[in-house]
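Q: Its first residue numbered 859, the sequence shown is counted upward by one per residue in my numbering.
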Amino acid sequence: MTRTPRALRASLVGGLAVAALALTGCGLQPATAFVPAVAPGSIKHIDGLPADAKLTVTSKNFTEQLILGKIAVLAASAAGFDVTDMTNVPGSVAVRQLMLTGGADVTYEYTGTAWLTFLGNAKGIPDKAKQYAAVRDADAKNGLDWLQPAPLNNTYAMAIRSEAAKKLGVTKVSDIAKLPVADRTFCVESEFNSRADGFKPMLKHYGLELGGSGKNGVPSGNVSILDTGAVYTATDQGKCNFGEVYTTDGRINSLDLTVLDDDEKFFPAYNVAPVFRSATLDEYPQLKEVFDQISPKITDEQLRKLNLRVDVGGEEPADVAFDWLKSEGFVTAG
859 MTRTPRALRA SLVGGLAVAA LALTGCGLQP ATAFVPAVAP GSIKHIDGLP ADAKLTVTSK
919 NFTEQLILGK IAVLAASAAG FDVTDMTNVP GSVAVRQLML TGGADVTYEY TGTAWLTFLG
979 NAKGIPDKAK QYAAVRDADA KNGLDWLQPA PLNNTYAMAI RSEAAKKLGV TKVSDIAKLP
1039 VADRTFCVES EFNSRADGFK PMLKHYGLEL GGSGKNGVPS GNVSILDTGA VYTATDQGKC
1099 NFGEVYTTDG RINSLDLTVL DDDEKFFPAY NVAPVFRSAT LDEYPQLKEV FDQISPKITD
1159 EQLRKLNLRV DVGGEEPADV AFDWLKSEGF VTAG
């Protein structure tokens, strides 16, 4: 499988991609094309920007991408652009096509998604800097410029209840091999259980054997295959010690789970970064400064909080994005 964890929530069905492109062709915008009025903060109106300067922002249609998309819309608006909001597009492929065909100027994309899904590589690169550089260099040939990546790395991880982490003395994935076999209990979803970069290869990477009965074994009876949402609940309730999670999921905070450090670097890197059409950056190079000041603030912990406000709190992604940008001083109320 070459889909990112989050992309599992945004189907890559070809028909949806066609629908998204048709949406652009007829000049319509998704129903969620709403953002609060915004004015400059530390993001200043670009000097000499033409009054008719236009920018089209796109994103996929799951919570984190909607928030990031609205961040881009608001930042570009504060910089003085007339922004077309094409966020909430169904599917990674549709967003990619919008970028390649000139239907959109900027999106937030994940390095692992581009490397595996779009560029067709068989294996991801766990080292974040190397993965970013590889994607940046490869996509430059496609007329796309990757700006500074954010610390956010939305990849798979193993998590444990914080109280259990203290009791068992685990802080990193390699610690699992030091536990008694009876304590090596896992909750995972079926997709992760069958992926080439999933559960069994992860165990092997860390010196454990799925189905093994020896001291390095993880008996099949120690593993529960559950739906994605049920993994979080079961881990929280102690039905297993270790649950497979996405590193920026808000439920990590709300359920007080501790994410274990992938200390032997098994999981591919999925850092997010603003991606622009090269032609757009050539015309408006000042956009680099606008977005480069935002990226360092986009962390796993921060997005967990923002995702939680939408997924659990029921807030609008645009309002959450605006509140965050305002709290960081990037923008002010318009």
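Glycine residues also receive a C-beta, built at the ideal position from the N, C-alpha and C atoms. None of these values were measured; they are calculated from a predicted model.
(1) Across which residues does DSSP place residue 914 in a beta bridge pair?
(2) Measure the C-alpha to C-alpha separation of residue 884 and residue 1168 and round it to an integer number of angstroms.
(3) Suppose the cutoff is 8 Å on Cβ atoms and the five residues either side in sequence are ignored; what does the same chain contact list for residue 989 look like?
(4) Unbroken beta strand (DSSP E) runs of length 3 or more, entirely within the segment 1011 to 1081: which are they?
(5) Can you find at least 3 beta carbon pairs, one from the segment 1071 to 1079 and one from the segment 1035 to 1042, that sit closer than 8 Å?
(6) Indicate whether residue 1014 and residue 1142 have their beta-carbon atoms separated by less than 8 Å.
(7) I'd like to know whether the C-beta atoms of residue 1044 and residue 1080 end up nearer to each other than 8 Å.
(8) Return helix, strand or coil for residue 1128, following the three-state DSSP convention.
(9) Given 8 Å as the limit, is there contact between the segment 1167 to 1185 and the segment 1021 to 1035, that is, 3 or more CB pairs closer than that?
(10) Where does residue 927 land, buried or exposed, given buried means 16+ other C-beta within 10 angstroms?
(11) Check each candidate in 1155, 908, 915 and 921 and name the one with the smallest Cα separation from residue 1172.
(12) Taking its Cβ as the centre, do 16 or more other Cβ atoms sit within 10 Å of residue 895, making it buried, or is it exposed?
(13) Would you check if the segment 947 to 966 and the segment 1087 to 1104 touch, i.e. whether three or more CB-CB distances between them fall below 8 Å?
(14) Using only the alpha-carbon positions, how far apart do residue 953 and residue 1017 sit?
(15) Does residue 1147 pass the burial test, meaning 16 or more other C-beta atoms within 10 Å, or should it be called exposed?
(16) Hey, how far is the Cα of residue 923 from the Cα of residue 1049?
A: Inspection of the coordinates gives the following:
(1) Bridge partners of residue 914: 942.
(2) Confidence at residue 884 is low in this model, with a pLDDT of 34, below 50, so the placement of that residue should be treated as unreliable; the coordinate-derived value is given next. Straight-line measurement puts the Cα of residue 1168 at about 30 Å from the Cα of residue 884.
(3) A distance below 8 Å between beta-carbons, with the five flanking residues on each side excluded, links residue 989 to the following residues of its chain, in chain order: 969, 970, 973, 982, 983, 1126, 1127 and 1129.
(4) The segment 1011 to 1081 contains these whole beta strand (DSSP E) runs: 1014 to 1019 and 1044 to 1047.
(5) A contact exists between the segment 1071 to 1079 and the segment 1035 to 1042.
(6) With contacts defined by Cβ atoms closer than 8 Å, residue 1014 and residue 1142 do not form a contacting pair.
(7) A contact, by the Cβ cut-off of 8 Å.
(8) Residue state, collapsed to three classes: coil.
(9) Cβ pair count under 8 Å is below three, so no.
(10) The residue in question, residue 927, is buried, as its Cβ has 16 or more Cβ neighbours within 10 Å.
(11) Measuring from the Cα of residue 1172, the nearest candidate turns out to be 921.
(12) Within 10 angstroms of the beta-carbon of residue 895 lie fewer than 16 other beta-carbons, which makes it exposed.
(13) They do not touch, by the three-pair rule.
(14) So the two alpha carbons sit approximately 31 Å from each other.
(15) Burial call: exposed.
(16) Approximately 21 Å, taken between the alpha carbons.
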